[in-house]
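For the sequence shown, the working numbering begins at 933 and goes up steadily by one. Cβ coordinates follow ideal geometry from the N, Cα and C atoms, glycine included. On a predicted model such as this, the values are computed, not experimentally measured, just so you know. Note sheet for the following structure.
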Amino acid sequence: MTEIEKSNSGNDSARPWQTYNTVYTTAKAGMEGVDKEKVQRVVYEMSKGSKYFEHEEKKEAYMKQKIESFRAQLAKLTDSDVSHHQKIADRKIAELEATRDLSRIWLHVDMDAFYAAVETLSNPSLEGKPMAVGSMSMLSTANYEARKFGVRAAMPGFIARKLCPELIFVPIDFKKYTHISGLTRKVFHRYDPNFLAASLDEAYLDITNFCNDKGMTGAQVAEELRECIHEETGLTCSAGVAPNRLLAKVCSDINKPNGQFILPNERAAVVTFISSLPIRKIGGIGKVTENILKGVLGITTCEEMLQKSSIICALFPHTSADFFLSVSLGIGRTDTPQVTQRKSMSTERTFSSTGNETLIFQKLVDLSENLSSDMKKEGIHGRTLTLKLKTACFEVRTWAVTLPYYTCSSEDILKHAKKLLKAELPVSLRLMGLRMSHFSEGREGVAADPKQKTLSNFLVAEDASGRGPRAQAQSESSLCSDIQEPSESIDFADTHQIRDSEHTGTSHFHSEAETQETFDHQIDNFNAKVSHHDTVGASTELLPAGTGRLVESDLSSGLFEEISFDQQKRNCSNDETGSSLYPRESMFWLNDYQCSVCGAELPPSFTEERQEHFDFHLAERLQDEESSNKNRLVKPKLRFVEKEETSYNRQKKKQKRSPSRGKHIPIDVFFAKTSQNF
Ligand code: DCP
Ligand code: MG
């Protein structure tokens, strides 16, 4: 029985929504005074019986299962285990403390209600009225007036309208947001030419040199920069100034909108600040991690995290434990990533599903030659070969082998790829890809370091529920902190700060939040921990049908949407109506950053938002489909602002589905209540 069912049948039967905690009940800036229970009730009532509701129930059951597993591990810990891990924790804390850097001044800037503010700028009649950008299916953001009603980003428009009947809807217009974003970036550049853009409306600036050169404090610079942004764009932003990026981001949210918060470069100030900070405020500690830490260890603040350091080290994989401890000490990155590093090279092909082994092997030959030729062009030799398969029912599997030598020869690649593939046969596939990583330029045939493991490491990308024999085999050990990490397991330190030179226009980077996100994912996928590296890598390589090589900018992102159990379910199963759900193959994060469908930029740390962003497109398309099916669903009349056709709209029209993309379920199946509540 799930929590929702329990609440229906138990003491809370009169208020079943109380346990219905969706992302919509997570407060964003400007939502402090919102009647949370009212929002919960409306969301509950509007979505009950819908696919969304089922999805939330499953997520909750899944989380509960994970909490139980951790509790079981906790119960097994003896006193000597705890004191053993306390020693480990103390050592880690001392090591982390030694890395604390208070010499830099970082500024994080984030535009206020960005899309909504841009729309208001172009239509001042919206000023002071509750409005949201998005559609009936999904909102991208809401202005601060609307937030008072509980309306927020990633909420379906019809729920928002129920919460705020006066809500004005404005369609998305990315061209405008990109233009304004460009103006803000010119300002950022004046303060830090190497600033790191994290999304259209967000950036990190190392203002240490600027402060020193101008003899200004961080607070003065933040003030001036915000003023400049206002002058250049007519919009307000908020800023946080702190000794590292992790803290600066937290700080920029504190006095939103149009405010700033300065954390001095002093250890005592940092430690005091971080101690009382709710863990959820840390970018990347999402709902899953928060619930697990709370449900298993009763941890809600960073201070409590530090107090439970021993248990954290005992229960969680060491990368996660390191992260939790560093967060609880307020330690974050202070360096500016300068070097573009290529981590891997890959090629993949999407094709009509086939189980024909001759065809599959021929495709492998093509892929091997393609990869080899790309590597040769770049003079790259690699040692770890990964085979990615997407089965007919969209299950993604990846297997990797680490060779004892570096190579770029197509024969070598094919030989090892074949071995990996054979282990999977028989299988019906719709996509196959090869990736080479672990580079050593110009060292073909050179034997690898003999101390390193060279055995094949089978990295299993299973469904996130951990089902499947291989994933299960991993699940036991992955709960222990002293798990033997596979030699190819991801090295976060090595991968999470890579400037992507291929991203046009501006540089962007993967912040601490991304590392944090990976921890969220590690926990989220603890049943398939060893799959992390590869699954993540696979997700960055999602390409539209028929496209070829992609140079990865990073490995640690996009996991959630790729292996969410829910998605597996959506992709593989049929709904009651018998039609298959819309495949998401055409949706992916270009350069791990930009939505392939609409160009929206969402950094990897926006785990939930990314998921919902795709849900938004899914719902949007379903709705489109519905409309073109002679309006089977009666759409409520929305208070849309009059708007000429934008490039975005035109783009959407161009993106009409091809017949091969499968059937769709109607929007009213996805959100069953849509037509009934207006
Ligand atoms: N965005 C989106 N989908 C989401 C979240 C955000 O499309 N689920 C878009 C719209 C936002 C922009 O990204 O305007 C920036 O996101 P923020 O989280 O910074 O939100 P806002 O700028 O809208 O509000 P604020 O920063 O004031 O909280
Ligand atoms: Mg913003």
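Original post:
On the premise that ILE999 lies in contact with GLY1227, defined as a C-beta separation below 8 Å, what is that separation, rounded to the nearest angstrom?
Top reply: Going by Cβ atoms, the distance from GLY1227 to ILE999 rounds to 4 Å, so yes, they are a contact pair.
Original post:
Measuring from the CB of MET1070, is there a heavy atom of ligand 2 at a distance below 8 Å?
Top reply: no
Original post:
Quick one: Cα of ARG947 to Cα of GLU989, how far?
Top reply: Roughly 16 Å between the two C-alpha positions.
**OP:** Would you mind giving the Cβ-Cβ distance between ALA1092 and ALA1064, rounded to the nearest angstrom? I have them listed as a contact below 8 Å.
**Re:** Indeed they touch by this definition, with Cβ atoms about 6 Å apart.
**OP:** Rounded to whole angstroms, what's the CA-CA distance from PHE1090 to GLY1066? Just pull it up for me.
**Re:** 11 Å
Original post:
Is ALA946 helix, strand or coil by DSSP?
Top reply: helix
Original post:
Is the stretch 1147-1166 in contact with the stretch 1054-1063, if contact means three or more CB pairs nearer than 8 Å?
Top reply: no
**OP:** Would you mind working out which of LYS1354, LYS1188, SER1341 sits nearest MET1368, comparing C-alpha positions?
**Re:** SER1341
Original post:
Using the beta carbon as the reference atom, which residues fall closer than 5 Å to any heavy atom of ligand 2, ordered along the chain?
Top reply: ASP1042, MET1043, PHE1046, ASP1133
**OP:** Taking PRO1210 and THR1232 to be in contact with their CB atoms under 8 Å, please state how far apart those CB atoms are, rounded to whole angstroms.
**Re:** 6 Å
Subject >> Contact set for GLY1166: own chain, Cβ-Cβ below 7 Å, skip 5 residues either direction >> reply: Within the same chain, GLY1166 has close Cβ partners LEU1053.
Subject >> Contacts around ALA1078, its chain only, beta-carbon distance under 7 Å, and the 5 residues preceding and following it disregarded >> reply: Only PRO1062, MET1063, ALA1064, CYS1096, LEU1099 meet the Cβ criterion.
Original post:
To which residues of the same chain is ASP1298 closer than 8 Å at the C-beta, ignoring the five residues directly before and after it?
Top reply: Same-chain partners within the cutoff: ARG1281.
Subject >> Identity of the residues DSSP links to ILE1194 by a beta bridge >> reply: According to DSSP, ILE1194 bridges with VAL1173.
Original post:
Should PRO1088 be labelled buried (16 or more other beta-carbon atoms within 10 Å of its own) or exposed?
Top reply: By the neighbour-count rule (16 or more Cβ atoms within 10 Å), PRO1088 is buried.
Subject >> Cβ-based neighbour list, ASN1190, same chain, cut-off 8 Å, excluding 5 preceding and 5 following >> reply: So the list reads ASP1044, ARG1158, THR1168, CYS1169, SER1170, once near-sequence residues are dropped.
Original post:
In terms of residues, what are the limits of the alpha helix (DSSP H) holding PHE1256?
Top reply: In the DSSP assignment, PHE1256 falls within the unbroken alpha helix (DSSP H) covering 1250-1260.
Original post:
Mind checking GLY1114: buried by the 16 CB within 10 Å criterion, or exposed?
Top reply: exposed
Subject >> Contact belief for ILE1161 with VAL1119 at Cβ below 8 Å, rounded distance in angstroms >> reply: 5 Å
**OP:** Would you check whether ligand 1 has a heavy atom nearer than 8 Å to the C-beta of THR1290?
**Re:** no
Subject >> ALA1045 in three-state terms, based on DSSP >> reply: coil
**OP:** Sort out for me which residues DSSP pairs THR1221 with in a bridge.
**Re:** None; THR1221 has no bridge partner.
**OP:** Starting from the C-beta of SER1505, find all residues in its chain whose C-beta is less than 6 Å away, skip the five residues before and the five after it, and write them out in chain order.
**Re:** Residue placement at SER1505 cannot be trusted, given a pLDDT of 28 that sits under 50; what the coordinates show is reported in the next sentence. Non-local beta-carbon contacts of SER1505 in its own chain, meaning distances under 6 Å to residues more than five positions away in sequence, are absent.
Original post:
Taking DSSP as the reference, what is the three-state secondary structure of LEU1179?
Top reply: Residue state, collapsed to three classes: helix.
Subject >> Unbroken stretches of the alpha helix (DSSP H), 4 residues or longer, contained in the stretch 1328-1369 >> reply: 1342-1354
**OP:** Compare the beta carbon distance of LYS1351 and VAL1328 with 9 Å and say whether it is the shorter of the two.
**Re:** Taking the C-beta atoms as reference points, VAL1328 is found no nearer than 9 Å to LYS1351.
Original post:
Out of ILE1206, ALA1200, GLU1164, GLU1163, which has the shortest C-alpha to C-alpha gap to ALA1180?
Top reply: Taking ALA1180 as reference, the option from ILE1206, ALA1200, GLU1164, GLU1163 with the minimal CA-CA separation is ILE1206.
Subject >> DSSP bridge partner residues for TYR1136 (one or two, in chain order) >> reply: HIS1040, LEU1128
Subject >> ligand 1 heavy atom lying under 8 Å from the CB of LYS1189 >> reply: Residue identity differs from the one stated: residue 1189 is Pro in this sequence, not Lys. Yes, ligand 1 has a heavy atom inside 8 Å of this Cβ.
Original post:
Whole-angstrom Cβ separation of VAL1173 and ILE1037, contact assumed at under 8 Å?
Top reply: 6 Å
**OP:** Pick out whichever of MET1364, GLY1262, LYS996, GLY965 has its Cα sitting closest to the Cα of PRO1196.
**Re:** Ranking the options by Cα distance to PRO1196, first place goes to GLY1262.
**OP:** Tell me where the alpha helix (DSSP H) around VAL1119 begins and ends.
**Re:** 1106-1123
Original post:
Which of the three DSSP states, helix, strand or coil, is assigned to PRO1515?
Top reply: For PRO1515, the predicted model reports a pLDDT of 36, less than 50, meaning its position is unreliable and no value from the coordinates is stated.
Original post:
THR1165 lies in the alpha helix (DSSP H); which residues open and close that run?
Top reply: Annotation for THR1165: the continuous alpha helix (DSSP H) segment containing it runs 1150-1165.
Original post:
Nearest to LEU1028 by CA position, among TYR1109, PHE1101, THR1290, LEU1257, is which residue?
Top reply: For the residues TYR1109, PHE1101, THR1290, LEU1257, the minimum Cα distance to LEU1028 belongs to LEU1257.
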